[in-house]
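Okay, structure first, notes after.
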Amino acid sequence: QQQVKQSPQSLIVQKGGISIINCAYENTAFDYFPWYQQFPGKGPALLIAIRPDVSEKKEGRFTISFNKSAKQFSLHIMDSQPGDSATYFCAARAKNAGGTSYGKLTFGQGTILTVHP
Amino acid sequence: EAGVAQSPRYKIIEKRQSVAFWCNPISGHATLYWYQQILGQGPKLLIQFQNNGVVDDSQLPKDRFSAERLKGVDSTLKIQPAKLEDSAVYLCASSLQGRKAFFGQGTRLTVV
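Right, dumping it as structure tokens:
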């Protein structure tokens, strides 16, 4: 299975709050899990990514938590700001046959985050 | 470093017409992807090139969509004839052999 399931579809938080977006996958061949941020009229921009050999990765206010046994990963945005209002996509990628290069990104359905001032 | 360039930004055509999109990837990036993003959904891969060879086109509707990447740099994606359901944003992305993929701003296609 190539699906990546993302929830919630939309999320509203107050400024300074914590935003949490969850994703689940089925394909155990996935070994790279990025999160993308997309503003209206723009292409997705890489935010943060994790490999399954670590359980957590933090970059500034953004943290990915990864649970390999549950095949789940999540994005936490600490101290959420109005400028964080965007659509967030989780994604996953596996290596191509032969293991020498990476194949397509399989995206979740997206979460529209709104941070109120 | 220049990003992934796409043109045009917007295109409106009537159904059954043809349309072409252009992409210039980041310099040196051997892998190029075309994704289709329908409103409210995540991007879906249409085709992946490694240099000028096709790696994955399993989700490309080959009866109407075609893509090429001559000389392993620029790429064009064509739709002929277009259908109403082709209305979407077409995203081009590129990457080195590694994992990070960088996206262009996309071309918003409206088929009326």
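Sequence order for the protein chains is Y and F.
FYI, the numbering for the first sequence is 1 to 117, going by the working numbering.
FYI, the numbering for the second sequence is 118 to 229, going by the working numbering.
No residue lacks a Cβ here, since even glycine has one placed at the ideal position from N, Cα and C.
If we count the other Cβ atoms within 10 Å of its Cβ and call it buried at 16 or more, is residue i buried or exposed?
i             : result
residue 39/Y  : exposed
residue 156/F : exposed
residue 203/F : buried
residue 186/F : buried
residue 127/F : exposed
residue 106/Y : buried
residue 3/Y   : exposed
residue 104/Y : buried
residue 197/F : exposed
Got a sec? Which residues, its chain only, sit under 7 Å from residue i by beta carbon, not counting five neighbours each side?
i            : result
residue 10/Y : 111 and 112
residue 30/Y : 92, 93 and 94
residue 79/Y : 16 and 61
Within 8 Å (strictly less), CB to CB, does residue i reach chain F?
i             : result
residue 11/Y  : no
residue 107/Y : yes
residue 57/Y  : no
residue 103/Y : yes
residue 42/Y  : yes
residue 113/Y : no
residue 46/Y  : yes
Tell me which same chain residues have a C-beta within less than 6 Å of the C-beta of residue i, skipping the five on either side of it?
i             : result
residue 165/F : 150, 172 and 173
residue 33/Y  : 50, 73 and 92
residue 55/Y  : 66
residue 129/F : 227
residue 109/Y : 6
Are any of the Cβ atoms in chain Y nearer than 8 Å to that of residue i?
i             : result
residue 220/F : yes
residue 150/F : yes
residue 223/F : yes
residue 208/F : yes
residue 217/F : yes
Apart from the five residues just before and just after residue i, which ones in its own chain have a Cβ nearer than 8 Å to its Cβ?
i             : result
residue 120/F : 143, 219 and 221
Chain-ordered residues of the region 158-178 of chain F with a beta carbon less than 7 Å from chain Y: If the cut-off is 7 Å between Cβ atoms, the region 158-178 of chain F has 158, 159, 160, 162, 165, 167, 172 and 173 near chain Y.
Interfacial residues, the region 80-98 of chain Y to chain F, with Cβ spacing under 7 Å: Of all residues in the region 80-98 of chain Y, 89, 93 and 96 have a Cβ within less than 7 Å of some Cβ in chain F.
Within 7 Å of chain Y by C-beta, residues of the region 119-130 of chain F in sequence order: Along the region 119-130 of chain F, none of the residues has a CB nearer than 7 Å to a CB of chain Y.
Validate contact between the region 131-151 of chain F and the region 204-217 of chain F using beta carbons, cut 8 Å, 3 pairs: Taking 8 Å as the limit for Cβ pairs, the verdict is that the region 204-217 of chain F does touch the region 131-151 of chain F.
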